[in-house]
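Chemist: This is the structure, below, for whatever I ask next.
Numbering (this note's numbering), first residue to last: 32 to 379.
Structural data, given as structure tokens:
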């Protein structure tokens, strides 16, 4: 008798496919969770490196780095570059820029020494991996701001880490009254060091650079740097800026993009207050909510794409994960340097 080899029936084949589909459905979340854990671990390592760089800077210079130098002539990123193995970029930056050139109307000096000027674009167009959190896929978005040198378009980059400017707003006013409640500025690790600018335009409480000795709330209870989701896309042309501009959240070469405040808890559903509606694109893809300042002045909120919260490096060098559910009063207390608040370790 002739032997015949029996194949799979259609029903058996469908059953096998269904079993494989179920296994994939079960395994996919685990694989995604493992990938996110690896990305989050890299983000933690980046923050540890930034914290260590700031400690080294404070030890060598007797104070923490400045937060920004007006809008456009440097931020905290520059002083920490040597500490994150980017000495060559630090050496290439020209520190001549200052608000005084803008105030005096000397356009050439003002433009050339800005973050995107011809003297500094070779630095600000670099992608620095230590300042990027791999969980934010939009972090590699470019601002569209830059120069064309020798026929090559050089565009400034954005970053995922922002410095702590305290419990209120970026301008660090003495107090803020909102909803009938007045909240006092409790100090911050970082500020604007350009006195001509912050004294006349921003009123930044004339806070100077900070030493660890100035952090009377305790180094383990004070935030240094947290995360921010990079904005993407172009904003519409408006009355202040007649041409369309890019969402500049995460654009940390620029003063207003280099900081966060604790006015709102991490990943708040409430909007950031950006400097202008032209610098804010929402709703758009995965951009966080944002509006132009109204009753409140400008500020960025700490945000990340990690489920449930944000990673933050504290002044003692430790990196901790702060949940979105943290009480806003606790979050603000962690942002101050001399607020005298009592914060227990189990409150966040």
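Heads up, the beta-carbon is just placed ideally off N, CA and C, and yes, glycines get one too. Here the structure is a predicted model, which is why all the values come from computation and not from measurement.
Our contact map puts residue 198 next to residue 370 with C-beta atoms below 8 Å; I'd like the distance itself, whole angstroms only.
Modeler: 7 Å
Chemist: Should the segment 320 to 329 be called in touch with the segment 349 to 361, which here means at least 3 C-beta pairs below 8 Å?
Modeler: no
Chemist: Please classify residue 158 as buried or exposed, where buried requires at least 16 neighbouring CB atoms within 10 angstroms.
Modeler: exposed
Chemist: Can you tell me the Cα-Cα spacing of residue 47 and residue 54, whole angstroms?
Modeler: 11 Å
Chemist: Specify, as a first and last residue, the run of the alpha helix (DSSP H) that residue 155 falls within.
Modeler: 152 to 155 is the span of the alpha helix (DSSP H), which, as asked, contains residue 155.
Chemist: Tell me the DSSP bridge mates of residue 82?
Modeler: DSSP, once it has assigned bridges, lists no residue as partnering residue 82.
Chemist: Going by other Cβ atoms of all chains shown within 10 Å of its Cβ, with 16 needed for buried, is residue 87 buried or exposed?
Modeler: exposed
Chemist: Does residue 352 come out as helix, strand or coil in the three-state DSSP assignment?
Modeler: strand
Chemist: In whole angstroms, what separates the C-alpha of residue 193 from that of residue 45?
Modeler: 52 Å
Chemist: Between residue 202 and residue 129, how many whole angstroms is the CB-CB distance? I'm expecting something under 8 Å.
Modeler: So it is not a contact: roughly 19 Å between Cβ atoms.
Chemist: Below 8 Å on the Cβ atoms is my contact criterion, and I expect residue 195 with residue 291 to pass it. Report the Cβ-Cβ distance as a whole number of Å.
Modeler: The C-beta distance from residue 195 to residue 291 rounds to 7 Å, short enough to meet the 8 Å contact threshold.
Chemist: Are the segment 114 to 125 and the segment 290 to 310 in contact at 8 Å, needing three or more beta carbon pairs?
Modeler: No, the segment 114 to 125 is not in contact with the segment 290 to 310.
Chemist: Is the segment 150 to 167 close to the segment 244 to 252, with three or more CB pairs under 8 Å?
Modeler: no
Chemist: Does the distance from the C-beta atom of residue 207 to that of residue 221 stay below 9 Å?
Modeler: no
Chemist: Buried or exposed: residue 376, going by 16 or more other Cβ atoms within 10 Å of its Cβ?
Modeler: exposed
Chemist: Keeping to the same chain, check which residues put their C-beta closer than 7 Å to that of residue 374; ignore five residues upstream and five downstream.
Modeler: 252, 361, 364, 365
Chemist: Check residue 258 in the structure and name its three-state DSSP category.
Modeler: Judged by DSSP in its simplified three-state form, residue 258 adopts strand.
Chemist: In terms of residues, what are the limits of the beta strand (DSSP E) holding residue 209?
Modeler: 206 to 209
Chemist: Are the CB atoms of residue 260 and residue 281 within a distance shorter than 9 Å?
Modeler: yes
Chemist: Closer than 6 Å by C-beta to residue 218: which residues in its own chain qualify, once you throw out the five before and the five after it? Chain order, please.
Modeler: 367, 368, 369
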